[in-house]
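Respectively, the protein sequence lines represent chains A and B. Take 1 as the starting number for the first sequence in the UniProt record's numbering and just add one per residue. Take 1 as the starting number for the second sequence in the UniProt record's numbering and just add one per residue.
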Amino acid sequence: MTSIKDIPLSDLDPSVQTRFQSGEHFEVFDRLRAEAPVYFHETTQYGPFWSISKYKDIIEVEANPKVFSSDAAYGGIWIKEQPKDTIRKSFMTADQPEHDQQRKVVNPIVSPSNLNDMEQKVRDIVTLVLDDLPLNEEIDWVERVSVEVTGRVLCELMDFPVEERMDLTTWSDIVNTDVDAGTEITDEYVKLEKLKPMIIKFKELFAERTGMPPQNDLISMLAHSQETANMEPQQFVGMLVLLMVGGNDTTRNSISGGLDALNKFPEEYKKLRENPELVESMVPEIIRWVTPVAHMRRTALEDIEFHGQQIKKGDKVIMWYCSGNRDPEVIEDPYTFKIDRKNPRQHVSFGFGIHRCLGNRMAELQLRVLWEEILKRGWVIETTGEPERRFSNFVVGIDSLKAIIRKPE
Amino acid sequence: MAKIIFVDHDGTKHEVEASVGSNVMQAAVDNNIEGIDGDCGGMCACATCHVTVDPEWFAKTGARSENEESMLTFLPEIAETARLGCQIEITDELDGLVVHLPIEQF
Chain A
1 MTSIKDIPLS
11 DLDPSVQTRF
21 QSGEHFEVFD
31 RLRAEAPVYF
41 HETTQYGPFW
51 SISKYKDIIE
61 VEANPKVFSS
71 DAAYGGIWIK
81 EQPKDTIRKS
91 FMTADQPEHD
101 QQRKVVNPIV
111 SPSNLNDMEQ
121 KVRDIVTLVL
131 DDLPLNEEID
141 WVERVSVEVT
151 GRVLCELMDF
161 PVEERMDLTT
171 WSDIVNTDVD
181 AGTEITDEYV
191 KLEKLKPMII
201 KFKELFAERT
211 GMPPQNDLIS
221 MLAHSQETAN
231 MEPQQFVGML
241 VLLMVGGNDT
251 TRNSISGGLD
261 ALNKFPEEYK
271 KLRENPELVE
281 SMVPEIIRWV
291 TPVAHMRRTA
301 LEDIEFHGQQ
311 IKKGDKVIMW
321 YCSGNRDPEV
331 IEDPYTFKID
341 RKNPRQHVSF
351 GFGIHRCLGN
361 RMAELQLRVL
371 WEEILKRGWV
381 IETTGEPERR
391 FSNFVVGIDS
401 LKAIIRKPE
Chain B
1 MAKIIFVDHD
11 GTKHEVEASV
21 GSNVMQAAVD
31 NNIEGIDGDC
41 GGMCACATCH
51 VTVDPEWFAK
61 TGARSENEES
71 MLTFLPEIAE
81 TARLGCQIEI
91 TDELDGLVVH
101 LPIEQF
């Protein structure tokens, strides 16, 4: 097989999913950053697009939403073009002013007072999940911990029946299935069909919340706001999917990826056990390391010169977060997982600008509480193999990670 | 140089000297002022340098740009004199500027 360094840049498609599974995508982006940080790929599996691979250039694109649109009307945030009638609309796929209006509706979920209330609830959930784990026996960390913690927290945030939490994970996974992965979900129509139970369930909850006094959960917030009380079908699905996936798959994969990273850098794991207060700076480092969302797409609304390149109106522009987070110009020694970085929150995993992740602090909270509780128990969690990575260039998924919990005397 | 006074949520004051032409976020980061993260490096793109300007000084800090307005609107709680530190350029006129820090940045 030709190695990545020998492929001419013009033949290199950075979106190839299998490279995201093997880790070879990092080599592709190392080359792009070094040789052509703003590069127009003429032929890829998704047709032509620009790759933005450097940290600072990514922020520059994000800070200019007037030129670089996220609107569903031009293709939204997806690298693959979607059939118009299956597009999920939300504030993530809207420009201003709609974006600001809709985002404001759910913003109170991350208010300091709500985050404060959530901390104890997250701690109770984490305790419940950890109490149930066997020692000295191989378990699947993804299934037993990552899925359980994030699923239960999401139930709390949505006031969704906790005994039905697996549905949230299932639906979230359907949404994030790459239609080219060779599963039964071969296109967006199949996906929408499979999401029907989700739509029914959320309609039911939405109607129920509409009839109740406003309360502090995401569905109630949507149901009681003028902006979102009467969403058309594609927006209804879009909003709920956004909150569900945003609050589920990404943090799930950070929990799994964090354990993998600690096992790959045993010195760091040792440092953590000896200095549990490092959890605080380890959490953003996990989020950088994992980069749960590998890219986002924008569409140029006008011709623009960008770092010497001519981006044309209508061009598709991909910001590769996974590359920005390995940019040595900004992140020292980017291929090393270091739990005590000086500026650990310096990473692009949450995006920047008006579309910056709404739940960033909620994600950090879950990771922090989980690791605090693990360390309190004096556990050492050893992975027993490589993570099973998902076929995707978008959500960096870990579907399975085997591990054994030990408690040294 | 201009003097900038950062007031913590609990009232503690931190006085720093900042160069004219720099900005409030940079002055905070350079002096390790806790509560100012400045994750995006001053591009008005993350809102982690959110400060509340002392009302007496607010007019002198200039007007919010449209982008800044957007970034501020989705902060959980904002005061009338809220600004993003990176968008306040330090001028001679701002010598003595007082800004208040939030409990935590979002």
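Cβ atoms here follow ideal geometry from the backbone N, Cα and C, with glycine treated the same way.
- Message: Just verifying my parser: in three-state terms, what is the DSSP assignment at Thr299 of chain A?
- Response: strand
- Message: Could you check whether the segment 281-301 of chain A touches the segment 249-269 of chain A, counting it as contact only if at least three pairs of C-beta atoms, one from each stretch, sit closer than 8 Å?
- Response: yes
- Can you pull the chain A residues whose beta carbon is under 8 Å from the beta carbon of Ala45 of chain B, in chain order? Ile59, Glu62, Ala63, Phe352, Gly353, Arg356
- In three-state terms, what does DSSP make of Leu84 of chain B? strand
- Query: Going along chain A, which residues have a C-beta under 9 Å from Glu104 of chain B?
  - Reply: Pro112, Leu115, Arg361
- Exposed or buried, Arg297 of chain A, counting other C-beta atoms within 10 Å across all chains shown (16 or more means buried)? buried
- Query: Does the Cβ of Arg341 of chain A have 16 or more other Cβ atoms within 10 Å, making it buried, or fewer, making it exposed?
  - Reply: buried
- Task: Write down the C-beta distance between Thr228 of chain A and Val105 of chain A rounded to the nearest angstrom, noting that I regard them as a contact closer than 8 Å.
- Result: 5 Å
- Please check if any C-beta of chain A sits within less than 8 Å of the C-beta of Ser70 of chain B. yes
- Would you mind telling me which residues of chain B sit closer than 7 Å to Asn107 of chain A, beta carbon to beta carbon, in chain order? Phe74, Pro76
- Under 7 Å Cβ-Cβ, which residues of chain B neighbour Lys104 of chain A? Thr73, Phe74
- His14 of chain B and Ile33 of chain B: beta carbons closer than 8 Å? yes
- Through-space distance from Met1 of chain B to Gly257 of chain A, alpha-carbon basis: 46 Å
- The alpha helix (DSSP H) enclosing Gln366 of chain A, as first and last residue numbers: 360-376
- Mind listing the chain A neighbours of Cys40 of chain B? Cutoff is C-beta to C-beta under 7 Å, in chain order. Ile59, Phe352
- Message: Quick check on Gln96 of chain A - is its C-beta less than 8 Å from some C-beta in chain B?
- Response: yes
- Answer with buried or exposed for His295 of chain A, where buried requires no fewer than 16 other C-beta atoms within 10 angstroms of its C-beta. buried
- Cβ-based burial, Arg83 of chain B [other Cβ within 10 Å; buried from 16]: buried
- Length of the line joining the Cα atoms of Thr73 of chain B and Asp100 of chain A: 7 Å
- Message: Please list the terminal residues of the continuous beta strand (DSSP E) segment that includes Arg406 of chain A.
- Response: 402-406
- Query: Listing by chain order, which chain B residues have their CB less than 8 Å from the CB of Asp100 of chain A?
  - Reply: Ser70, Thr73, Phe74
- Task: Go through the segment 80-136 of chain A residue by residue and report every complete run of the alpha helix (DSSP H) that reaches 4 residues or more, in order.
- Result: 98-106, 112-131
- Message: DSSP has Asp140 of chain A in a bridge; who is on the other side?
- Response: A:Lys402
- Which residues DSSP lists as bridging Ser51 of chain A, in chain order: A:Tyr39, A:Ile318
- Under the three-state reduction of DSSP, which class applies to His347 of chain A: helix, strand or coil? coil
- Message: Just to confirm the assignment, what range does the alpha helix (DSSP H) spanning Ile5 of chain B have?
- Response: Unbroken run through Ile5 of chain B is the beta strand (DSSP E), 2-7; no alpha helix (DSSP H).
- Output yes or no for whether 8 Å exceeds the beta carbon distance between Val250 of chain A and Gln366 of chain A. Rather than Val, the amino acid found at residue 250 of chain A in this sequence is Thr. For Thr250 of chain A and Gln366 of chain A, no; Cβs fall outside 8 Å.
- Task: Assign Ile79 of chain A to one of two classes, buried (16 or more other C-beta atoms within 10 Å of its C-beta) or exposed (fewer than that).
- Result: buried
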